[in-house]
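Visitor: Mind having a look at this structure? Questions to follow.
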Amino acid sequence: MATIEDLKQDLHIQANLAGKDLKFATTWGIFSPREIDSGTELFLKYLDIKEDEVALDIGCGYGPIGLAIAANAPKGQVHMVDKDFVAVDYSNKNAQLNNLTNAKAYLSNGLSAVPKDMQFTTVVSN
21 MATIEDLKQD LHIQANLAGK DLKFATTWGI FSPREIDSGT ELFLKYLDIK EDEVALDIGC
81 GYGPIGLAIA ANAPKGQVHM VDKDFVAVDY SNKNAQLNNL TNAKAYLSNG LSAVPKDMQF
141 TTVVSN
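Quick note: the sequence shown, position 68, residue 88 per our numbering, numbers continuous.
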């Protein structure tokens, strides 16, 4: 049986998403903490990502979709938002873990923290 201390430890996932090998730290309380869910894998399989993509990921969780886009868009930018501060923290940790300087997560209730004048080539949510 797991102890409270065991449950406080980060969980780790390695996955190939949209053709890129990525590493993720996650924790209990964030959606699909043990593995990348099949919906995310299927979604990314059919997403056409341009190298200069300017993307918005709404409800980013720990970042699998947004960071897969960032990994495939080295000349682009990925903005990720979530209403859960733990998810935002893990998305930013995972961007650093994967050396993705073109991705950043923000605390936002829906689109409240997204600047009204920003324009995106792609908006995703899962």
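All C-beta atoms in this analysis are idealised placements derived from N, C-alpha and C, irrespective of residue type, glycine included.
#1: By Cβ distance, which residues of its chain are closer than 6 Å to Asp77, with the 5 residues on each side in sequence left out?
#2: Look at Thr173 and Tyr126 and say whether their C-beta atoms are less than 8 Å apart.
#3: In this structure, how does DSSP classify Asp102 when only helix, strand and coil are distinguished?
#4: Beta-carbon separation of Tyr82 and Ala107 under 8 Å?
#5: Classify Val108 as helix, strand or coil using the three-state DSSP reduction.
#6: In terms of residues, what are the limits of the beta strand (DSSP E) holding Ile78?
#7: Distance, Cα to Cα, Asp41 vs Lys136?
#8: Within the continuous beta strand (DSSP E) that includes Leu127, where are the two ends?
#9: Of the residues Met138, Asn118, Asp104, which one's Cα is nearest the Cα of Gly130?
#10: Roughly how many angstroms lie between the CA atoms of Ala45 and Arg54, to the nearest whole one?
#11: Determine the extent of the beta strand (DSSP E) in which Lys40 is found, giving its start and end residues.
#12: Classify Ala38 as buried or exposed, calling it buried when 16 or more other Cβ atoms lie within 10 Å of its own Cβ.
Guide: Taking the structure as given:
#1: Within the sequence shown, numbered from 1, the residue matching residue 77 stands at position 57. The residues Ile85, Gly86, Met100, Val144, in chain order, have a CB closer than 6 Å to that of Asp77 in the same chain once the five nearest residues on each side in sequence are set aside.
#2: This structure leaves residue 173 out entirely; the chain is present only between 21 and 146.
#3: Position 82 of the sequence shown holds residue 102. Three-state DSSP puts Asp102 in a strand.
#4: Residue mapping note: residue 82 aligns to position 62 of the sequence shown, counting from 1. Residue mapping note: residue 107 aligns to position 87 of the sequence shown, counting from 1. Yes. Within cutoff.
#5: For the purposes of this step, residue 108 is taken as residue 88 along the sequence shown, with counting starting at 1. Val108 falls in the helix class under three-state DSSP.
#6: As a first step, residue 78 must be located in the sequence shown, where it is residue number 58. From DSSP, the beta strand (DSSP E) with Ile78 extends over 74 to 78.
#7: Along the sequence shown, read from residue 1 onward, the residue named residue 41 stands at position 21. Along the sequence shown, read from residue 1 onward, the residue named residue 136 stands at position 116. Approximately 33 Å between the Cα atoms of the pair.
#8: Within the sequence shown, numbered from 1, the residue matching residue 127 stands at position 107. Its beta strand (DSSP E) spans residues 123 to 127.
#9: Counting from one through the sequence shown, the residue named residue 130 turns up at place 110. Checking every option, the nearest Cα to that of Gly130 belongs to Asp104.
#10: Sequence index remark: in the sequence shown, residue 45 carries index 25 (1-based). Sequence index remark: in the sequence shown, residue 54 carries index 34 (1-based). Rounded to whole angstroms, Ala45 and Arg54 show a C-alpha spacing of 10 Å.
#11: Position 20 of the sequence shown, counted from the start, is the residue given in the question as residue 40. Looking at the DSSP string, the run of the beta strand (DSSP E) that includes Lys40 is 40 to 46.
#12: Position 18 of the sequence shown holds residue 38. Ala38 counts as buried, since no fewer than 16 other beta carbons sit within 10 angstroms of its beta carbon.
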